[in-house]
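Q: Below is the structure I would like to discuss, written out as structure tokens.
In my numbering, the protein residues as written are 495 to 649.
This is the structure in structure tokens:
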């Protein structure tokens, strides 16, 4: 196919189940291929690495065309929790780890996890609020420095 990729930097901006799993899969896959990988968690993507939110990530049920559900059904009380349980059972059968475990595995594989300084300031988050796998809270300029010479993926 194409040339070789040595480094990838992935921006994680969504805090829903379907917004967090793809970047973790991409980063884990990159590390498995020997590719350097960094994840930059910004805005609601910070939920994936925030201690009080990481275990409560739900799919977006309203306005999500991938669910093939009418908006009204997605807005029913309990629907996000019900769908999350259903997906969790399916993923468990496929040996896909829950988000907290996946974040730990991704960091253990050597991927760098970083929080966005501006988003952390916006939401009043500090390093103490983030899971221990996060290496630091960095500025956008710092992120571009990490990403230099590699591919940037926005999710």
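Virtual Cβ for every residue (Gly too), placed ideally from N, Cα, C.
Measuring only the C-alpha atoms, how far is residue 524 from residue 643?
A: Roughly 15 Å separates the two Cα atoms.
Q: Check the DSSP bridge columns for residue 582 and list the partner residues they point to.
A: According to DSSP, which records beta bridges pairwise, residue 582 is partnered with nothing at all.
Q: Just to confirm before moving on: does the CB-CB distance between residue 598 and residue 627 stay below 8 Å?
A: Contact flag set, yes.
Q: Report the rounded CA-to-CA distance for residue 636 versus residue 646, giving the unit in angstroms.
A: Distance between the alpha carbons of residue 636 and residue 646: 14 Å.
Q: Evaluate residue 633 with the Cβ neighbour count: other Cβ atoms within 10 Å of its Cβ, from every protein chain shown; 16 or more gives buried, anything less gives exposed.
A: Counting Cβ neighbours within 10 Å, residue 633 comes out exposed, since fewer than 16 surround it.
Q: To the nearest angstrom, how far is it from the Cα of residue 570 to the Cα of residue 583?
A: Distance between the alpha carbons of residue 570 and residue 583: 21 Å.
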